[in-house]
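Numbering (our numbering), first residue to last: 1 to 258. Just so you know, even glycine gets a beta-carbon here, dropped at the ideal spot from N, CA and C. Model, not experiment: these values are computed from the prediction.
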């Protein structure tokens, strides 16, 4: 019989670019592997997976090149299905770091996620403390209502908002061209349309607010009705949303540079 092979100390790089070292080789189907970069060890792996780079650490940036699971109480799956918090986290990273997504939604180009939230465990803890629901509403993770024009997802800049509120701030940049917000050129004048919340139907809809000779006048009309409607919707949801969101909505100022 040949002598037992001892591959202890053998190194390799996994499929996410992390160095691995065999620290204990019991047999071909039972090895312990150490990740020096993260000071983390995994047990009971196969040598075949080691050679193929298929052994993964919770610190490998496996989600859109930046996100990693981390170590903690929060799981990515429950009963074989993705958890709601994990799906939210993945979609946030997708918006910022997936080029194909940017082709469909170019407004997310240059958006980033804070390093703290690259770790799923940190995001999940924040989610647990900040997520709430409003009956009949889809809840959206928003980054730029609290801080206008913000492009960074972080604990300081994000808040959950009902989709009805979120829809109020969607900008139709494609149709307006070079015109200021709320306006679009039409036959030598400027047409004003505004996404408004209809309290009869409980839904948002685009409303036509007339045509005006100048962009400045058109914008004044848009600004008046938009700010008025935002205040109305803030009052409508007041008892169901965080006070920070209510105050931001009630004091929201529509600017010509929006």
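Exercise for the section: Inspect the CB distances between the segment 14–27 and the segment 52–63 and report whether three or more fall short of 8 Å. Expected result: yes
Practice task
Return the chain-ordered ranges of every beta strand (DSSP E) run that is complete within the segment 103–191 and spans a minimum of 3 residues.
Solution key: 139–142, 159–162, 183–186
Problem - Outcome for residue 124 when other beta-carbon atoms lying within 10 angstroms are tallied against a minimum of 16 - result: The count along the chain shown starts at 1 and reaches residue 124 at position 124. Result: buried.
Practice task
In angstroms with no decimal places, state the Cα-to-Cα distance between residue 252 and residue 78.
Solution key: For this step, residue 252 is matched to residue 252 along the chain shown. For this step, residue 78 is matched to residue 78 along the chain shown. Taking the straight line from one Cα to the other gives about 40 Å.
Handout entry: residue 63, DSSP secondary structure in three states
Key = Looking up residue 63 in the chain shown gives position 63. The answer is strand: DSSP assigns residue 63 an E or B state.
Problem - Where residue 8 sits in the DSSP three-state scheme - result: Locating residue 8 in the chain shown gives position 8, counting from the first residue. Looking at residue 8 - three-state DSSP - the assignment turns out to be coil, as it is neither helix nor strand.
Problem - Helix, strand or coil at residue 235 [DSSP, three-state] - result: Indexing the chain shown from 1 puts residue 235 at position 235. Residue state, collapsed to three classes: helix.
Practice task
Alpha carbon to alpha carbon, how far is residue 48 from residue 2? Give it in angstroms, no decimals.
Solution key: The residue labelled residue 2 in the question sits at position 2 within the chain shown. The residue labelled residue 48 in the question sits at position 48 within the chain shown. Reliability of the predicted coordinates at residue 2 is poor, the pLDDT of 49 falling under 50, and the value obtained from them is presented with this limitation in mind. Approximately 20 Å, taken between the alpha carbons.
Exercise for the section: Kindly indicate which residue of 163, 150, 148 has the alpha-carbon position closest to the one of residue 137. Expected result: Here residue 137 refers to the residue found at position 137 when the chain shown is read from its first residue. The candidate whose alpha carbon is nearest that of residue 137 is 163.
Exercise for the section: With a 10 Å radius around its C-beta and 16 neighbouring C-beta atoms as the bar for buried, classify residue 104 as buried or exposed. Expected result: The count along the chain shown starts at 1 and reaches residue 104 at position 104. Answer is exposed; the Cβ neighbour count stays below 16.
Handout entry: residue 100, buried or exposed, once every other Cβ within 10 Å from all chains shown has been counted against 16
Key = Here residue 100 corresponds to residue number 100 of the chain shown, with the count starting at 1. Its Cβ having fewer than 16 others within 10 Å, residue 100 is exposed.
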